[in-house]
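Q: Sharing a structure with you now.
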């Protein structure tokens, strides 16, 4: 199974990053979004990232031009008709993802692999919206995509071995490190990370220490590059809450209960860096 033409759904932070690394690896990429404004914003971020690489001597101006030349605008899901693989990086919502996959199943060629960049939602449930569950797989890239090496590759219940192998080969071509993960809520990364962040929020909520002190303990005591509360702000507190709710619902275990303070901040619109305020002000 050969992958040459890639379509990425969603030109936001994750989708734009995925499109960038695919184009850098030599793939022809269709970057799809429902709004032209979102596409242009995503492309501007990609161009800025590449310019930074040129400034640091990591690539030439000609190479930058070549990468941008391999990215094509798409504002219509019908463009999936020529794709070998579609990587969905839309909002982390099961109804939205199932709707996209049901449409892609009708449009994409029979051989096409349908992949989701979901960070916590069950691949098996997403695959059930299609008539090709054997060709549905998870590709969970880490943020920021151009920098982070890990990709969790998640098999659904029906995912074929040759589909897994094709995606693993592609991941290596992107200069990423693939790790095989089974289809459980939160996979590995978020099943471990999010409860840690949630517990840090409980530690603030219960008055054990200030947010600065908690982050300092984890940075200096556990050698984390960023404290859990600062990291939560960068991820987005709404995303953290959604993943904790997915874990809580998926496992039915009270240890995954979201902290009331996290819920309060999300209801207040304090979502972290993207809104200018979360645990810290930006």
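Numbering (the numbering used here), first residue to last: -5 to 276. Glycine is no exception: its CB is placed at the ideal position from the N, C-alpha and C atoms. Note that the structure is predicted; figures quoted are calculated from it, not measured.
(1) Mapping the DSSP letters down to three states, classify residue 95 as helix, strand or coil.
(2) Once you ignore the five residues that flank residue 154 on each side, which residues in its own chain have a CB closer than 8 Å to its CB?
(3) Return the Cβ separation of residue 108 and residue 80 in integer angstroms, given the expectation that the two are a contact with Cβ distance under 8 Å.
(4) Can you tell me whether residue 29 is buried or exposed? The criterion is at least 16 other CB atoms within 10 Å of its CB, across all chains shown.
(5) Please classify residue 125 as buried or exposed, where buried requires at least 16 neighbouring CB atoms within 10 angstroms.
(6) Go through the segment 19 to 107 residue by residue and report every complete run of the alpha helix (DSSP H) that reaches 4 residues or more, in order.
(7) Could you give the residue range of the alpha helix (DSSP H) that holds residue 164?
(8) Taking the CB atoms as reference points, tell me whether residue 172 and residue 162 lie closer together than 8 Å.
(9) So for residue 113, helix, strand or coil by DSSP?
(10) Would residue 74 pass as a contact of residue 98 if the rule is Cβ separation under 8 Å?
(11) Can you name, in chain order, every residue of its own chain whose Cβ lies under 6 Å from the Cβ of residue 39, other than the five neighbours on each side?
(12) Rounded to the nearest angstrom, what separates residue 277 and residue 113 at their Cα positions?
(13) To the nearest whole angstrom, what separates the beta carbons of residue 64 and residue 23, a pair I think is in contact under 8 Å?
(14) According to DSSP, is residue 151 helix, strand or coil?
(15) Are residue 117 and residue 110 closer than 8 Å when you measure CB to CB?
(16) Given a threshold of 16 other Cβ atoms within 10 Å of its Cβ, counted over all protein chains shown, does residue 89 qualify as buried or as exposed?
(17) What residues match up with residue 172 in a beta bridge as DSSP calls it?
(18) What residue range is occupied by the uninterrupted alpha helix (DSSP H) comprising residue 260?
(19) Using DSSP's beta-bridge definition, name the partner residues of residue 0.
A: So, from the data block:
(1) Walking along the chain shown from the start, residue 95 turns up at place 101. Three-state DSSP puts residue 95 in a helix.
(2) As a first step, residue 154 must be located in the chain shown, where it is residue number 160. Closer than 8 Å at Cβ, skipping near neighbours: 128, 129.
(3) Working through the chain shown from its first residue, we reach residue 108 at position 114. Working through the chain shown from its first residue, we reach residue 80 at position 86. Contact flag correct, Cβ pair sits at about 5 Å.
(4) Stepping through the chain shown from its first residue, residue 29 is reached at position 35. When all chains shown are included, residue 29 counts as exposed.
(5) Start at 1 with the first residue of the chain shown, and residue 125 comes out as number 131. Result: exposed.
(6) Within the segment 19 to 107, the runs of alpha helix (DSSP H) that reach at least 4 residues and sit entirely inside it are, in chain order, 30 to 49, 55 to 63, 88 to 101.
(7) For the purposes of this step, residue 164 is identified with residue 170 of the chain shown, where counting begins at 1. DSSP places residue 164 in the uninterrupted alpha helix (DSSP H) bounded by 155 to 167.
(8) Numbered from its first residue, the chain shown carries residue 172 at position 178. Numbered from its first residue, the chain shown carries residue 162 at position 168. Going by C-beta atoms, residue 172 is nearer than 8 Å to residue 162.
(9) Against the chain shown, residue 113 aligns to sequence position 119. Assigned with DSSP and collapsed to three states, residue 113 falls in coil, not helix or strand.
(10) To locate residue 74, count along the chain shown from 1; it is residue 80. To locate residue 98, count along the chain shown from 1; it is residue 104. Result yes, Cβ atoms of residue 74 and residue 98 sit closer than 8 Å.
(11) Locating residue 39 in the chain shown gives position 45, where the first residue counts as 1. If the five residues before and after residue 39 are omitted, its C-beta is found closer than 6 Å to the C-beta atoms of 10, all from its own chain and listed in chain order.
(12) Lying before the first or after the last residue shown, residue 277 is absent from the chain, which here runs from -5 to 276.
(13) By one-based count along the chain shown, residue 64 stands at place 70. By one-based count along the chain shown, residue 23 stands at place 29. Indeed they touch by this definition, with Cβ atoms about 6 Å apart.
(14) Within the chain shown, residue 151 is the residue found at index 157, counting from 1. In the structure shown, residue 151 sits in coil (DSSP, three-state: anything other than H, G, I, E or B).
(15) Residue numbering aside, residue 117 sits at position 123 when the chain shown is read from its first letter. Residue numbering aside, residue 110 sits at position 116 when the chain shown is read from its first letter. In this structure, residue 117 lies near residue 110, with their beta-carbon atoms less than 8 Å apart.
(16) On the chain shown, residue 89 is found 95 positions in, with the first residue counted as 1. Looking at its Cβ environment, which holds fewer than 16 other Cβ atoms inside 10 Å, residue 89 is exposed.
(17) Position 178 of the chain shown, counting from 1, holds the residue named residue 172. In the DSSP output, where bridge partners are listed per residue, residue 172 has 145.
(18) Position 266 of the chain shown, counted from the first residue, corresponds to residue 260. Looking at the DSSP string, the run of the alpha helix (DSSP H) that includes residue 260 is 254 to 261.
(19) Taking the first residue of the chain shown as position 1, residue 0 is located at position 6. DSSP output for residue 0 lists 23, 79 as bridge partner(s).
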